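Q:
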Amino acid sequence: MQIYRFLTGEDDSAFCHKVTKALSEGWQLHGGPTYAYDAVSKKMRCGQAVTKVVKDQPYDPDKKLIDY
Numbered sequence: 001m002q003i004y005r006f007l008t009g010e011d012d013s014a015f016c017h018k019v020t021k022a023l024s025e026g027w028q029l030h031g032g033p034t035y036a037y038d039a040v041s042k043k044m045r046c047g048q049a050v051t052k053v054v055k056d057q058p059y060d061p062d063k064k065l066i067d068y
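Numbering (full-length UniProt numbering) for the sequence shown: 1 to 68.
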């Protein structure tokens, strides 16, 4: 089964660490990053989709994706 997460955050080193941590846990980048200006906070925000192949099992929407 393939699972999907979309990581978001301010365009800063904390976001880069979030993506790096996901990669170190076996997640793979899915497409390129996205960027958008948040007019409320007046900051750039970014996002990155990641996927991971896990053993076949029933999908449980109540289970946290990081627990797969």
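From the three backbone atoms N, C-alpha and C, an ideal C-beta is built for every residue, glycine too. Keep in mind it's a predicted model, so treat the numbers as computed, not measured.
#1: Tell me the rounded alpha-carbon separation between residue 115 and Thr20.
#2: In its own chain, which residues sit with a C-beta less than 8 Å from the C-beta of Lys55, not counting the 5 before and 5 after it?
#3: According to DSSP, which residues form a beta bridge with Thr34?
#4: By Cβ distance, which residues of its chain are closer than 8 Å to Trp27, with the 5 residues on each side in sequence left out?
#5: In the DSSP output, what is Val53 paired with across the bridge?
#6: If you draw a straight line from the alpha carbon of Asp62 to that of Ile3, how long is it in whole angstroms?
#7: For Gln57, count the other beta carbons within 10 Å of its own beta carbon; 16 or more makes it buried, fewer makes it exposed. Which is it?
A: Reading it off the structure:
#1: Only positions 1 to 68 of the chain appear in this structure, which leaves residue 115 out of reach.
#2: The sequence position of residue 55 within the sequence shown is 55, counting from 1. Excluding positions up to five away in sequence, the list reads Met1.
#3: If you number the sequence shown from 1, residue 34 lands on position 34. According to DSSP, which records beta bridges pairwise, Thr34 is partnered with Gly47.
#4: Position 27 of the sequence shown, counted from the start, is the residue given in the question as residue 27. Scanning its chain for C-beta atoms nearer than 8 Å, with the 5 sequence neighbours on each side dropped, one finds around Trp27 the residues Arg5, Val50, Thr51, Lys52, in chain order.
#5: Taking the first residue of the sequence shown as position 1, residue 53 is located at position 53. Val53 pairs with Gln2.
#6: Against the sequence shown, residue 62 aligns to sequence position 62. Against the sequence shown, residue 3 aligns to sequence position 3. Cα-Cα distance, rounded: 14 Å.
#7: For the purposes of this step, residue 57 is identified with residue 57 of the sequence shown, where counting begins at 1. Looking at its Cβ environment, which holds fewer than 16 other Cβ atoms inside 10 Å, Gln57 is exposed.
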